[in-house]
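Below: the structure, in structure tokens.
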Amino acid sequence: MLKQVDVETLSPNVFQAIGRQWMLVSAGSQSACNTMTASWGGLGILWNKPAATAYIRPQRYTKEFLDREEYFTLSFLPEQYRKALAYCGSHSGRDGDKWEGSGLTPAFTQQGVPYVKEAELVLVVRKQFCQQMDPACILDEQVLAKDYPNRDYHYIYIGEIVAAYQEG
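Numbering (my numbering), first residue to last: 1040 to 1207.
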């Protein structure tokens, strides 16, 4: 069961949690929502507030929900859900019910923001910034060749972490 905690008391290794464990980015409402696996992101302080960053490609279905809503969540799941995370990263919610296909359960905060019920840590994020990456600002040409052969540059979403829920 998740309980609300002070964001400053969190102790996960963010490099492990985001880069190796992956996370699910969820957005939408109780009437329609979607989630996607992400392994690019960050946590830190911006504008004197705890902040989270997520990077979303323009073709991702979840982006439509992120653009429409004020809030999104980042859900971190235990290793036993690795197959579900892989499913959410390789299937689109446009093509079918991703929740059913992954075996994961959508849940909602009191404000109606979707998150993944099976998570051991959930961050609720209020959007404060969104901009597409400008390829002219990517200084490492190898990144352009390796990560953007289709020129589908990520959108950067940065938001204030307004709540954190952790198992315990």
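Note that CB positions come from ideal geometry on N, CA and C, so glycine has one too.
Around the C-beta of residue i, are 16 or more other C-beta atoms found within 10 angstroms, so that it is buried, or is it exposed?
i, result
"lysine 1042", "exposed"
"phenylalanine 1111", "buried"
"glutamate 1180", "exposed"
"glutamate 1139", "exposed"
"isoleucine 1057", "buried"
"glycine 1083", "exposed"
"serine 1129", "exposed"
"valine 1152", "buried"
"glycine 1135", "exposed"
"leucine 1116", "buried"
Tell me the DSSP secondary structure of residue i in three-state form.
i, result
"glycine 1142", "coil"
"glutamine 1205", "strand"
"glutamate 1103", "helix"
"tyrosine 1187", "coil"
"tyrosine 1192", "coil"
"leucine 1041", "strand"
Are the CB atoms of residue j and residue i within a distance shorter than 8 angstroms?
i, j, result
"glutamate 1159", "glutamate 1118", "no"
"threonine 1048", "threonine 1074", "no"
"serine 1068", "glutamate 1108", "yes"
"alanine 1146", "lysine 1137", "no"
"glutamate 1199", "proline 1089", "yes"
"serine 1172", "tyrosine 1154", "The sequence as given places methionine at residue 1172; serine does not occur at that position. Contact flag unset, no."
"alanine 1091", "leucine 1162", "yes"
Can you tell which of the options has its C-alpha closest to the C-alpha of residue i?
i, options, result
"isoleucine 1195", "Leu1105, Trp1086, Ile1084", "Leu1105"
"alanine 1077", "Asp1173, Tyr1110, Ser1114, Val1046", "Ser1114"
"valine 1164", "Asp1134, Tyr1204, Leu1116, Arg1096", "Tyr1204"
"valine 1201", "Ser1070, Gln1150, Gly1140", "Gln1150"
"glutamate 1103", "Asn1189, Ala1090, Ala1146, Ser1065", "Ser1065"
"glycine 1142", "Arg1133, Ser1131, Leu1124", "Leu1124"
"glycine 1081", "Asp1186, Ala1071, Met1062", "Met1062"
"alanine 1071", "Tyr1126, Gly1132, Arg1099, Trp1079", "Gly1132"
"arginine 1099", "Cys1127, Lys1122, Asp1186", "Cys1127"
"lysine 1166", "Leu1085, Gln1055, Asp1045, Val1046", "Leu1085"
For this session: List in chain order: all unbroken beta strand (DSSP E) runs of 3+ residues lying wholly within the segment 1130-1181.
Result: 1145-1147, 1153-1155, 1160-1171
Exercise. Along the chain, which unbroken stretches of the alpha helix (DSSP H) at least 4 residues long are found entirely within the segment 1061-1118?
Worked result: 1100-1107
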